[in-house]
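Visitor: Got a structure for you, questions after.
Residue numbers (my numbering), protein chains in the order written: chain A, 17 to 183; chain B, 2 to 642; chain C, 19 to 512; chain D, 101 to 203.
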């Protein structure tokens with residue numbers, strides 16, 4: 017058992033347990049905090065893939081931005097944010113059944129499929145390479161999505177302000 | 002003959018004017034318009050008839066039919082079309098005179114009778130409409146035109162019977178009259194359709210080939226047509242509407258339900274007479290038997306009625322039946338060889354129109370005077386109403402068949418014709434004629450003789466038994482007496498008209514000659530009937546009457562209720578048709594036909610309710626469905642590949 | 019410019035005009051102008067058509083034109099008229115025109131009412147001028163849909179139920195119809211949608227006809243109140259507002275008869291002659307059954323609705339007899355029934371607007387209170403029971419005479435059974451007349467009511483004139499129609 | 101020694117379906133948002149993994165993950181704005197109360 021596998025197992029365990037508690041906890045604050053663990057775990061995975069920039073973005077945007085926002089809103093809403101009512105048993109069962117079926121199906125598919133190749137090289141993507149790819153205009157360059165993304169973010173900002181604004 | 006079109010146009014115009022603008026007119030003006038136009042029509046009709054008869058006979062010494070107008074009104078197919086036109090023939094010329102004269106008299110009479118009535122203008126409008134339709138009926142060039150005007154006559158009769166539309170009895174009577182005759186007309190229509198289909202024409206006189214083509218169907222068609230005629234002419238058992246029709250104003254009864262419309266059936270048979278007598282003699286004889294029975298039945302019922310108009314109504318039924326019998330007993334078109342009945346029937350139609358019109362108008366005058374139809378409110382009126390009394394007496398004598406009044410001559414011809422057919426028929430009709438004399442004089446005595454109801458009332462009033470001062474009967478105004486006198490005069494002299502010269506079964510001149518045996522016999526019988534009536538009723542409540550009333554209690558009661566035919570009619574219409582057919586059908590429609598469709602709708606709705614929870618609006622549920630669906634599809638795909 | 023297309027354009031132009039209106043007076047002005055134009059147009063069309071015929075133009079259809087629409091499916095907007103369509107267009111114009119006056123004081127939302135009303139008339143006009151299966155169907159649907167809103171919004175009583183029922187049943191009918199139309203189209207080789215071209219080819223296999231003739235006939239028959247698919251009619255008519263009842267019973271139900279004749283019978287003659295007996299039995303039942311049901315109804319509109327079932331049954335009955343006279347009679351009956359029943363519904367609506375009841379047991383002596391309406395009712399009644407001098411008589415007689423031309427026991431028997439309806443009609447008409455118009459007024463409230471207003475009088479007078487005109491001088495309209503029916507039948511049985 | 105791609109994918113699948121499960125069963129808008137984040141996160145992992153294991157010479161998956169994170173951020177911002185607004189109007193963020201949009 018290599019060290020990588022051990023780290024991965026540890027991360028996976030933490031993520032799954034945190035995720036499970038996050039979706040079942042009746043306290044939102046707790047759920048949000050647990051979500052943070054999942055997000056960190058994900059960042060860890062990215063690092064393991066040697067996608068360090070992605071991992072960094074994951075931590076800054078998700079952990080630094082989104083979770084903070086969530087916590088902020090949970091605090092803002094106070095009591096209203098408590099999940100008071102219990103879900104009906106039927107829905108619980110249906111949800112579990114569907115999720116489990118889906119999971120089993122997905123795992124079955126993943127294990128039974130032979131992916132095209134296992135060319136993992138453990139090389140970091142350089143910032144220059146990434147920057148060229150994001151800003152380039154040739155094939156496999158993504159200036160247009162990048163710009164669309166920026167517009168989307170702008171729209172979101174404006175929209176969020178507009179929606180949350182007091183009448 | 003071209004002027005003949007105005008005979009139709011004038012009454013129609015007068016109807017339109019009165020119907021559209023009548024409401025704004027003063028009564029006098031409306032009455033004048035109606036009467037004047039009718040007077041003009043009468044003059045034209047007489048002139049036309051005179052011209053027609055003056056034009057003389059053709060080479061075969063027969064009057065020919067003249068058709069001054071005939072247009073294709075509604076083409077049906079290549080061969081058949083409904084025509085409209087004017088046909089002049091001896092009988093239509095005769096009918097023109099009868100209708101216009103009686104109608105004119107009724108118009109004049111109504112000026113007095115209907116004075117001040119609400120709806121006076123409407124009344125005159127309807128009268129004009131009726132006259133128009135009746136004239137159209139008699140001048141019809143073909144059977145379908147006749148049917149068209151037949152219906153119009155029916156509706157004007159309906160409107161006039163229901164003239165007092167606030168009176169429930171009048172409403173019921175008008176409805177009944179229309180529906181019963183309409184029912185009969187259904188057969189008439191089917192008869193016409195059969196006739197038209199097989200002979201290829203609606204004409205009264207189809208060609209020999211057409212008749213041959215129709216073959217055995219022709220008698221059926223003619224029988225069906227006769228049923229239509231029986232409805233209008235109140236033959237048993239379709240007569241039930243006529244007595245009730247007396248709910249209309251009395252002049253209307255005189256015009257429509259005594260003199261003109263009710264003889265339409267007779268006229269119809271006479272119109273089709275050549276076909277009947279040659280191709281369907283058995284139908285003709287059936288008509289004779291139906292007529293004979295009706296005559297007897299009506300006479301019996303007339304003997305016990307207390308409402309004077311009803312007595313007259315039943316006497317009308319009886320007299321029309323006489324005409325039918327006269328037509329029915331014909332065996333050939335030759336008046337000398339068994340075709341006498343045709344002439345006799347038409348003659349009787351003519352004289353009957355006059356004296357029955359007179360009787361009704363007289364009755365109207367009486368009702369006008371005493372404000373009641375019931376015999377109990379009359380009696381002893383001869384002192385108060387001399388003119389009415391005399392004219393009424395003349396009419397009674399005429400209808401009873403006492404020479405020299407017109408009824409004697411025509412009825413005598415009928416009875417001669419009956420004897421020519423068979424002796425039992427002759428004897429039977431003589432008997433009915435005697436009954437006629439009896440019930441008419443019963444009526445006469447009850448009205449004009451006996452103890453005065455007014456006098457009784459006055460006594461009671463003086464004794465303080467009744468509060469209201471009785472209304473004194475008075476003679477009718479001039480507008481009413483003039484028609485009475487005129488018609489009485491006609492009744493006196495009409496018997497001497499050489500009627501056979503104008504109308505006979507084959508169009509040739511026929512000289513009326515009285516068979517002295519029959520004449521004397523029937524006169525004696527009539528006098529016998531009158532004497533019996535005198536004994537029983539002249540002095541009011543005689544002993545014989547009382548005895549008869551006691552002995553014959555049950556039959557009299559049955560006859561008074563017209564042998565319960567009206568109850569049967571009511572039972573059939575109200576109970577059977579309404580409750581046993583119409584109601585169940587309506588129920589069936591709502592609860593079976595409609596319900597089955599509703600059931601389908603409800604089933605669809607149920608189905609909708611079943612799947613409705615799927616569409617709860619809950620996004621989470623949708624997500625579950627969505628994912629489950631996607632998973633299911635994936636599983637299926639996995640299973641397949 | 020084709021004259022016929024104007025029949026579609028004028029109402030379509032009226033729609034935005036109505037939309038733009040702000041005041042009720044403007045709405046009325048638009049409606050009166052538009053419907054008057056249509057009336058004049060159809061009058062002119064009639065005159066022009068007759069003069070064309072007199073000039074010796076013997077084409078089956080006059081004023082034909084065709085604009086391709088969707089060429090892959092051979093769909094075109096083809097128009098053309100023969101005597102039958104001309105008569106129907108005239109009828110439609112009269113009813114639309116008088117309907118405007120009958121709903122002169124409609125409240126609330128007069129503008130919206132007239133918008134739907136005009137849309138409805140677009141459908142009806144379009145249906146009568148088209149000669150293309152698809153466009154006919156399209157216009158047919160256009161005519162049906164507004165009915166739902168017109169009844170559902172402006173109706174009375176159980177209006178939602180009735181509107182839903184009516185729409186569902188008629189839509190069910192059009193589902194059949196659509197199948198029938200597709201069957202005809204593909205059965206004839208899918209080369210054209212034009213009914214005359216299909217008829218001329220006459221190549222639909224008999225087996226196909228056996229399937230699609232009943233479908234098409236029932237599809238149209240639902241609208242023509244064919245037993246047992248007539249039950250929408252009493253409820254629908256009872257709930258509909260006056261002018262909608264008029265238009266619906268007067269014109270829309272005629273779409274059924276017209277379609278049965280023009281599409282079902284014309285295009286599938288073999289099946290029509292072989293299967294006619296089934297439908298003859300159904301229509302005979304309609305005729306007698308409708309009349310008998312009417313006797314025991316107590317709601318004025320129900321009585322008239324059942325009477326319509328009876329009379330429209332007679333239309334289909336006559337069509338199925340397949341003789342020229344009977345078919346002419348059928349079209350005459352459509353014309354006559356359209357006018358009469360519109361008159362009836364107009365008057366009933368006016369009476370209802372005053373007394374707020376249609377129960378005949380609660381009304382009495384209306385003749386004294388509102389003589390004009392009462393006289394109108396009597397006239398309508400007399401016309402309905404087939405009094406000579408009114409259109410009903412002419413139509414019925416032509417139908418019966420035509421039906422009698424078929425010489426076999428079955429046809430004879432059903433004809434005689436159908437004939438009995440004229441007696442039954444008299445019974446229910448006179449029952450109502452005697453019950454509500456005659457007698458002394460009993461209800462104190464009713465005594466205060468007023469007689470007809472000028473617009474109501476105008477409506478009634480217009481319709482009475484039309485009914486009487488056909489009744490008094492039937493030859494011109496009869497020959498106009500006979501021209502069309504003759505051609506159709508000649509094509510069916512060459 | 102590298103971890104097999106399958107392990108990573110299985111982990112992401114598990115995370116994803118945990119998110120799905122949560123999305124089905126939670127009744128609170130914020131919780132739902134958290135579940136959505138979980139699912140998005142799982143998707144991002146998949147992109148990255150496929151990129152790394154199948155086409156390490158290209159950057160589609162990488163960039164897509166990057167954008168995915170960006171979109172998630174945007175989505176969260178808007179969602180939270182909506183939640184706040186909803187709360188302000190109905191004083192609850194419980195989805196049972198949020199029925200006004202249906203009609």
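Glycine residues also receive a C-beta, built at the ideal position from the N, C-alpha and C atoms.
Which one of C:299, C:113, C:103, C:384 has the shortest CA to CA distance from residue 428 of chain C?
Guide: The count along the third chain starts at 1 and reaches residue 428 of chain C at position 410. Per the Cα distances, C:299.
Visitor: From the DSSP output, in three-state form, read off residue 586 of chain B for me.
Guide: Residue mapping note: residue 586 of chain B aligns to position 585 of the second chain, counting from 1. The answer is helix: DSSP assigns residue 586 of chain B an H, G or I state.
Visitor: For a contact defined as C-beta to C-beta under 8 Å, what are the partners of residue 123 of chain D on chain B?
Guide: As a position in the fourth chain, residue 123 of chain D is number 23, starting the count at 1. Here the neighbours are 621, 624.
Visitor: Classify residue 19 of chain A: buried if its beta carbon has 16 or more other beta carbons within 10 angstroms, exposed otherwise.
Guide: Stepping through the first chain from its first residue, residue 19 of chain A is reached at position 3. Looking at its Cβ environment, which holds fewer than 16 other Cβ atoms inside 10 Å, residue 19 of chain A is exposed.
Visitor: In the DSSP assignment, find the unbroken beta strand (DSSP E) run with residue 98 of chain C in it and report its ends.
Guide: Counted from its first residue, the third chain places residue 98 of chain C at position 80. Where residue 98 of chain C is concerned, the enclosing beta strand (DSSP E) stretches over 93–99.
Visitor: Use the C-beta contact count for residue 203 of chain D: other C-beta atoms within 10 angstroms, 16 or more gives buried, fewer gives exposed.
Guide: Numbered from its first residue, the fourth chain carries residue 203 of chain D at position 103. Summary for residue 203 of chain D: the model assigns pLDDT 45, below 50, so the residue's position carries little reliability, and this model does not support an answer.
Visitor: In chain order, what residues of the same chain lie with their CB nearer than 6 Å to the CB of residue 96 of chain B, ignoring the 5 residues before and after it?
Guide: The residue labelled residue 96 of chain B in the question sits at position 95 within the second chain. The answer, listed in chain order, is 139.
Visitor: Looking at the C-beta of residue 118 of chain D, does it have a partner C-beta in chain A at a distance below 8 Å?
Guide: Reading the fourth chain from its first residue, position 18 is the one you call residue 118 of chain D. Cβ-Cβ to chain A under 8 Å: yes for residue 118 of chain D.
Visitor: Taking 8 Å as the CB-CB cut-off, is residue 117 of chain B touching chain C?
Guide: Looking up residue 117 of chain B in the second chain gives position 116. So, not an interface residue.
Visitor: If we count Cβ pairs, one from each stretch, closer than 8 Å, do we get three or more for the stretch 208–216 of chain B versus the stretch 315–331 of chain B?
Guide: Touching, no, given that fewer than three Cβ pairs across the two stretches are closer than 8 Å.
Visitor: Which residue comes first and which comes last in the beta strand (DSSP E) that contains residue 86 of chain C?
Guide: The sequence position of residue 86 of chain C within the third chain is 68, counting from 1. Unbroken beta strand (DSSP E) run through residue 86 of chain C: 80–88.
Visitor: Please confirm whether residue 174 of chain A has its beta-carbon closer than 8 Å to some beta-carbon of chain D.
Guide: Residue mapping note: residue 174 of chain A aligns to position 158 of the first chain, counting from 1. No, because no Cβ of chain D sits closer than 8 Å to the Cβ of residue 174 of chain A.
Visitor: Using 8 Å as the limit for Cβ to Cβ distance, is residue 600 of chain B near chain D?
Guide: Indexing the second chain from 1 puts residue 600 of chain B at position 599. No, residue 600 of chain B does not count as interfacial toward chain D.
Visitor: Could you check whether the Cβ of residue 170 of chain D sits closer than 8 Å to any Cβ belonging to chain A?
Guide: For this step, residue 170 of chain D is matched to residue 70 along the fourth chain. True, the Cβ-Cβ gap to chain A drops below 8 Å.
Visitor: Could you pull out every unbroken alpha helix (DSSP H) segment of at least 4 residues lying fully inside the stretch 177–245 of chain C, listed in chain order?
Guide: Entirely contained in the stretch 177–245 of chain C, the alpha helix (DSSP H) runs reaching 4 residues are, in chain order, 177–205, 213–219, 224–241.
Visitor: By the three-class DSSP mapping on this structure, what secondary structure does residue 76 of chain B have?
Guide: By 1-based counting over the second chain, the position of residue 76 of chain B is 75. Per DSSP, reduced to three states, the secondary structure at residue 76 of chain B is strand.
Visitor: Which runs of the alpha helix (DSSP H), 4 residues or longer, sit entirely within the stretch 253–332 of chain B?
Guide: 265–272, 274–280, 282–303, 309–329
Visitor: By the three-class DSSP mapping on this structure, what secondary structure does residue 329 of chain C have?
Guide: For the purposes of this step, residue 329 of chain C is taken as the residue at position 311 of the third chain. Residue 329 of chain C carries a helical assignment under DSSP once its states are collapsed to helix, strand and coil.
Visitor: What span of residues does the beta strand (DSSP E) with residue 553 of chain B cover, start to end?
Guide: For the purposes of this step, residue 553 of chain B is taken as residue 552 along the second chain, with counting starting at 1. Run containing residue 553 of chain B: none; DSSP gives neither H nor E here.
Visitor: Whole angstroms is fine: what's the gap from residue 502 of chain B's alpha carbon to residue 478 of chain B's?
Guide: As a working mapping, residue 502 of chain B is identified with position 501 in the second chain. As a working mapping, residue 478 of chain B is identified with position 477 in the second chain. The alpha-carbon atoms of residue 502 of chain B and residue 478 of chain B are separated by roughly 38 Å.
Visitor: Report yes or no: is there a C-beta of chain C within less than 8 Å of the C-beta of residue 603 of chain B?
Guide: As a position in the second chain, residue 603 of chain B is number 602, starting the count at 1. So no, residue 603 of chain B is outside the interface.
Visitor: Out of C:504, C:29, C:472, C:448, point me to the one whose CA is closest to residue 160 of chain B's CA.
Guide: For the purposes of this step, residue 160 of chain B is taken as the residue at position 159 of the second chain. Across the set C:504, C:29, C:472, C:448, the C-alpha of C:448 shows the shortest separation from the C-alpha of residue 160 of chain B.
Visitor: Counting only beta-carbon atoms, is residue 636 of chain B nearer than 8 Å to chain D?
Guide: Residue 636 of chain B sits at position 635 when you count from the first residue of the second chain. Contact with chain D is absent for residue 636 of chain B, since none of that chain's Cβ atoms lies less than 8 Å from the residue's Cβ.
Visitor: By the 10 Å Cβ neighbour count, where 16 or more other Cβ atoms means buried, how is residue 407 of chain B classified, buried or exposed?
Guide: Locating residue 407 of chain B in the second chain gives position 406, counting from the first residue. With 16 or more other Cβ atoms within 10 Å, it is buried.
Visitor: What does the Cβ neighbour count give for residue 112 of chain B, buried or exposed, with the cut at 16 atoms within 10 Å?
Guide: As a working note, residue 112 of chain B is residue 111 in the second chain. Flag for residue 112 of chain B reads buried.
Visitor: Kindly indicate if chain D contains any beta-carbon less than 8 Å away from that of residue 615 of chain B.
Guide: Locating residue 615 of chain B in the second chain gives position 614, counting from the first residue. False, the Cβ-Cβ gap to chain D never drops below 8 Å.
Visitor: What is the DSSP secondary structure of residue 70 of chain B, counted as helix, strand or coil?
Guide: Residue 70 of chain B sits at position 69 when you count from the first residue of the second chain. In the three-state DSSP reduction, residue 70 of chain B falls in the strand class (E or B).
Visitor: Return yes when the Cβ of residue 404 of chain C is within less than 8 Å of the Cβ of residue 346 of chain C, no when it is not.
Guide: Counted from its first residue, the third chain places residue 346 of chain C at position 328. Counted from its first residue, the third chain places residue 404 of chain C at position 386. With respect to residue 404 of chain C, residue 346 of chain C sits apart: the two C-beta atoms are not nearer than 8 Å.
Visitor: For residue 84 of chain B, which beta-bridge partners are listed by DSSP?
Guide: In the second chain, residue 84 of chain B corresponds to position 83, counting from 1. According to DSSP, which records beta bridges pairwise, residue 84 of chain B is partnered with B:73.
Visitor: Just the Cα atoms here: how many angstroms apart are residue 184 of chain A and residue 165 of chain A?
Guide: The displayed coordinates of chain A run from 17 to 183. Any statement about residue 184 of chain A would go beyond what the structure contains.
Visitor: Measure the beta-carbon distance from residue 455 of chain B to residue 473 of chain B and round it to whole angstroms, keeping in mind my assumption that it falls under 8 Å.
Guide: One-based indexing of the second chain puts residue 455 of chain B at position 454. One-based indexing of the second chain puts residue 473 of chain B at position 472. So it is a contact: roughly 6 Å between Cβ atoms.
Visitor: Using only alpha-carbon positions, find the residue among B:246, B:231, B:245 that is nearest to residue 239 of chain B.
Guide: Along the second chain, one-based indexing puts residue 239 of chain B at 238. Here the closest residue by C-alpha is B:231.
Visitor: Compute the minimum distance between the beta carbon of residue 152 of chain A and the heavy atoms of the ligand FAD, and state whether it is under 7 Å.
Guide: With respect to the ligand FAD, the structure shown offers nothing to examine, as it has no ligands at all.
Visitor: What is the DSSP secondary structure of residue 204 of chain B, reduced to helix, strand or coil?
Guide: On the second chain, position 203 is the one that residue 204 of chain B refers to. In the three-state reduction of the DSSP assignment, residue 204 of chain B falls in the strand class.
Visitor: In three-state DSSP terms, what is residue 146 of chain A?
Guide: The count along the first chain starts at 1 and reaches residue 146 of chain A at position 130. If DSSP states are grouped into helix, strand and coil, residue 146 of chain A belongs with the helices.
Visitor: Residue 301 of chain B and residue 419 of chain B: beta carbons closer than 8 Å?
Guide: Within the second chain, the letter at position 300 stands for residue 301 of chain B. Within the second chain, the letter at position 418 stands for residue 419 of chain B. Their beta carbons are not under 8 Å apart, which means residue 301 of chain B does not touch residue 419 of chain B by this criterion.
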